[in-house]
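To convert, take the position in the sequence shown, counting from 1, and add 3; that gives the working numbering.
By construction, the Cβ of each residue, glycine as well, lies at the ideal position given by its N, Cα and C atoms.
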Amino acid sequence: MYRSPIESGRRSSGAVGHRAVLLVAAVVVAVLQGGCESPQNGNGMAGSFYLNPYKDLANLGRIALVELDNNSGHPQISADLTEALFVALQKKQVFGLTFVHQDNPDWRGLQQNLDSLQALRQLLAMRETLKCNGLLVGTVTEYTPYPHMSLGLRLKLLDLTDGQLIWGLEQVWDSSDRDIQKRIKHYFKDDLRTGFASLREELVVVSPLKFGKFVAYEVAETFERPEQ
Numbered sequence: 004m005y006r007s008p009i010e011s012g013r014r015s016s017g018a019v020g021h022r023a024v025l026l027v028a029a030v031v032v033a034v035l036q037g038g039c040e041s042p043q044n045g046n047g048m049a050g051s052f053y054l055n056p057y058k059d060l061a062n063l064g065r066i067a068l069v070e071l072d073n074n075s076g077h078p079q080i081s082a083d084l085t086e087a088l089f090v091a092l093q094k095k096q097v098f099g100l101t102f103v104h105q106d107n108p109d110w111r112g113l114q115q116n117l118d119s120l121q122a123l124r125q126l127l128a129m130r131e132t133l134k135c136n137g138l139l140v141g142t143v144t145e146y147t148p149y150p151h152m153s154l155g156l157r158l159k160l161l162d163l164t165d166g167q168l169i170w171g172l173e174q175v176w177d178s179s180d181r182d183i184q185k186r187i188k189h190y191f192k193d194d195l196r197t198g199f200a201s202l203r204e205e206l207v208v209v210s211p212l213k214f215g216k217f218v219a220y221e222v223a224e225t226f227e228r229p230e231q
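Structure representation (structure tokens):
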């Protein structure tokens, strides 16, 4: 069971809500920096993603997907990947989606300093502005094109009703990895159900758009809680 670190023995004059926000910041740092072991999901993917066992994603109703920030040297990949993620999450039909594009005046504020106390307080106030109960933000941490296609992501979903972390992921997809290649086969066999599978599998590891769709598919799969 995942346990968030709490500063032991500290007594402050702040209210319970103040301590709760500090706890949220600790959870975000612990999950997204240290990672959280998660069981494999249906497509065989296992990695550093966290799904809050005490939260029902269906209760969110609608979330705001913020266009991804980008630490790579390829500016277009963040927009393309966010669009692919939007489509993949729509297919899951877990919650409704609102897209916050990078040209939105609120975009930078939603991306920066999300682990700070002040920012988390602001996020709680953003619920009415966004007309959403959840906020999905993240960064393309790395990207390299063909012939060695790889993509790194750091993502997190926050509950705007109480500031808690619902879900988080940090992972790198490397097209040269044999496990990734097996999962690409699964992607075409079970998700796309299309002919000419071998040819299309080869295209995934040379096309940024197709590789991004595969990554988005795998990310969306982690929102499905495994059956007990």
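By alpha-carbon distance to Arg65, the top candidate from Ile80, Tyr220, Gly137 and Asp177 is Gly137. Annotated three-state conformation of Asp106 is coil, per DSSP. Each of Lys58, Leu127 and Val208 was checked against the Cα of Tyr146, and the nearest Cα belongs to Val208.
With the rule of 3 Cβ pairs closer than 8 Å, the stretch 215 to 222 counts as touching the stretch 183 to 193. When the Cα atoms are used, Leu100 and Asn107 turn out to be separated by approximately 16 Å.
In this structure, Leu88 places its C-beta atom within 9 Å of the C-beta atom of Leu71.
Fewer than three pairs of CB atoms, one per stretch, sit closer than 8 Å, so the stretch 90 to 99 makes no contact with the stretch 155 to 172.
Residue environment: Tyr53 is assigned as buried (16 or more neighbouring CB atoms within 10 Å of its CB, all protein chains considered). By alpha-carbon distance to Lys192, the top candidate from Phe217, His151, Ser179 and Gln96 is Phe217. Between Leu156 and Thr144, the beta carbon gap of about 6 Å places them in contact (Cβ cut-off 8 Å). A residue is called buried once 16 or more other Cβ atoms fall within 10 Å of its Cβ, and Ala67 is buried on that count.
Just so you know, the alpha carbons of Phe226 and Phe98 end up roughly 10 Å apart.
With 16 or more other Cβ atoms from the protein chains shown falling within 10 Å of its own Cβ, Thr85 counts as buried. Closest in C-alpha terms to Asp177, from the list His104, Met129, Leu154 and Gly76, comes Leu154. The DSSP-derived three-state label of Val90 is helix. For Asp177, the enclosing beta strand (DSSP E) covers residues Leu168 to Asp177.
Residue pairing from DSSP places Ile66 in a beta bridge opposite Leu100 and Gly137. Only buried fits Gln167, as 16 or more other CB atoms lie within 10 angstroms of its CB.
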